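Written out below as structure tokens is the structure these notes cover.
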Amino acid sequence: MSVLAFLEQRGGEWNRMSWETLAAARQIGADLGRPVHAAVLGHEVAALAAEVRGAERVYAVEHPLLEEYTAEGYALAARQLITRSGAWLSLFPHSYRTRDFLPRLAAAMDRAAATDVIGHRAESGALVLVRQVFQGKMNADVRFAGEPPYFASLQAGAYRGETGGDAAPVETFAPQLAPGDIRSRPSAPFREAQRAVDLAAAGTIVAVGRGIGDADKLPLVERLAEALGAELAASRPICDAGWLPMERQVGSSGQTVAPKLYLAVGISGAIQHLVGMKGARTIAAINKDPEAPIFEVADYGIVGDLFQVVPALIEAIAKARGEAGD
Ligand code: FAD
9 MSVLAFLEQR
19 GGEWNRMSWE
29 TLAAARQIGA
39 DLGRPVHAAV
49 LGHEVAALAA
59 EVRGAERVYA
69 VEHPLLEEYT
79 AEGYALAARQ
89 LITRSGAWLS
99 LFPHSYRTRD
109 FLPRLAAAMD
119 RAAATDVIGH
129 RAESGALVLV
139 RQVFQGKMNA
149 DVRFAGEPPY
159 FASLQAGAYR
169 GETGGDAAPV
179 ETFAPQLAPG
189 DIRSRPSAPF
199 REAQRAVDLA
209 AAGTIVAVGR
219 GIGDADKLPL
229 VERLAEALGA
239 ELAASRPICD
249 AGWLPMERQV
259 GSSGQTVAPK
269 LYLAVGISGA
279 IQHLVGMKGA
289 RTIAAINKDP
299 EAPIFEVADY
309 GIVGDLFQVV
319 PALIEAIAKA
329 RGEAGD
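Residue numbering for the sequence shown follows our numbering, starting at 9 and increasing by one per position.
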């Protein structure tokens, strides 16, 4: 009985959270000694499915009625695949789509779903999933009761997406769907806002917080971001004050990011901020308060006044660049 990762595509384009879902499936599969399978739903998706690596098998779940996303179509097709393949645990990216159809799927199979999971561990051969509760103030362990199939969705950035491994053999699965099964009509996909910046895809982020003091001081951190080739992000008070646009806010009510480097400048590290950036590979923080909670998650910390530290950093980067160019 497999761990089955449901990968998400839209119009032939992968949602990159798919690779995080596959990585989670691989880790859980390895921890519990279960085979890892993947599935992609849509119309004529076999070629896309052939791009999947690192699973023992990938199902191309194909039907003309899956060309456009509907909760009914996806839930019905996923249910048939889970029943046919005997999947033990089905994993999904916690995307808007998953939020829409996973409750329907789990309820149709008389099961609960553990949603927005941030991690897992194996305990005496059993799976324990970790979810955040109370706005991320506490973590709760979740164990499935009763018989499989089990269902879980994964918070963006909770697992590091991986695309390595051997190409997975593709198996086409044709679900039984009829037009009468689909009672909703898809309209244009939901967009939170027209985003000029995609922080989620940024490799390096410099984030600024209230420690900056005033909007007219922002050019200092902008210069640092520029020197590092980074996107500029912010904590909520900066965006609430209108100093930077909302689309640059990181946190529970902003974007979730997972860059290689996240440099937090004058940010205290409130839990609502941390949930949006703790998936970064390396976290560095500049804060004048040695007790600031940001230092609890930081790999590197500089305790000091940002107005002294940031100019020195910019100078050091410019010098290193100059020397590299010599
Ligand atoms: P502060 O907490 O004021 O911290 C400023 C930091 O700067 C301090 O640690 C201080 O020591 C340091 N500092 C000051 N001067 C200097 C200096 N000269 N040099 C160096 N360091 C200095 N917040 C988010 O960020 N994102 C969210 O999505 C979000 N969502 C929320 C949702 C809800 C429902 C709620 C209730 C809150 C949310 N918040 C969010 C707000 C969050 O709780 C914090 O209030 C916010 O993150 C604090 O921002 P900050 O760290 O920039 O400011």
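We put the beta carbon where it would ideally sit given N, CA and C, even for glycine.
All values derive from a computational prediction rather than experimental measurement.
- Counting every other CB atom within 10 Å of its CB across the protein chains shown gives M9 a total below 16, marking it as exposed.
- In terms of CA proximity to S195, E76 leads the group E76, I325, H45 and A288.
- Contact fails between the region 216-229 and the region 109-129, because fewer than three Cβ pairs, one in each stretch, are under 8 Å apart.
- Taking C-beta atoms as the reference points, R231 and I310 fail to come closer than 8 Å.
- For the region 120-206, the full-length beta strand (DSSP E) segments reaching 3 residues or more read 121-131, 134-141, 146-150, 158-162 and 178-181 along the chain.
- Boundaries of the beta strand (DSSP E) harbouring I213: T212 to V216, taken from the DSSP string.
- For G81, the enclosing alpha helix (DSSP H) starts and ends at A79 to S93.
- According to the DSSP assignment, I294 belongs to the beta strand (DSSP E) that extends over T290 to N295.
- For the pair of segments examined, the region 295-308 was found not to touch the region 239-249: the number of CB pairs separated by less than 8 Å stays below three.
- Here W22 is bridged, per DSSP, to Q17.
- Collapsing the DSSP output to three states places R61 in a strand.
- When DSSP states are grouped into helix, strand and coil, G50 belongs to the strand group.
- For H102, the secondary structure class from DSSP, reduced to helix, strand or coil, is coil.
- By the beta-carbon neighbour count (other beta carbons within 10 angstroms, threshold 16), V141 is exposed.
- Its chain contains A235 as the residues whose beta carbon lies nearer than 6 Å to that of I325, once the 5 sequence neighbours on both sides are disregarded; these appear in chain order.
- Rounded to the nearest whole angstrom, the CA to CA distance from A209 to A233 is 16 Å.
- Between the ligand FAD and Q257, a heavy atom-to-CB distance of less than 7 Å is present.
- Counting C-beta pairs with one atom in each stretch, the region 39-56 and the region 12-25 have three or more that are closer than 8 Å, which means they touch.
- Under the three-state reduction of DSSP output, I275 falls in the coil class, being neither helix nor strand.
- Separation of S161 and L74 (C-alpha to C-alpha, rounded to the nearest whole angstrom) is 21 Å.
- Ranked by Cα distance from G154, the first of A33, A164 and A121 is A121.
- Not a single heavy atom of the ligand FAD lies less than 7 Å from the C-beta of I325.
- With a threshold of 16 other beta carbon atoms within 10 Å, Y308 falls short and is exposed.
- Counting only residues of its own chain and dropping the five nearest sequence neighbours on each side, G127 has a CB closer than 6 Å to the CB of V138.
- Assignment of beta-bridge partners to I310 by DSSP yields I294.
- DSSP places H71 in the coil class of the three-state scheme, outside both helix and strand.
- For the pair of segments examined, the region 258-278 was found to touch the region 286-296: the number of CB pairs separated by less than 8 Å reaches three.
- R168 and A63 do not touch by the CB rule: their CB atoms are close to 17 Å apart, not below 8 Å.
- A heavy atom of the ligand FAD is found nearer than 7 Å to the CB of I294.
- Beyond the five residues adjoining it in sequence on each side, H71 comes within less than 8 Å, by CB distance, of H51, G81, A85, A182, P183 and L185 in the same chain, given in chain order.
- Within the same chain, and ignoring the five residues on either side of D124 in sequence, the residues whose Cβ sits closer than 8 Å to its Cβ are H102, R139, Q140, S161, L162 and Q163.
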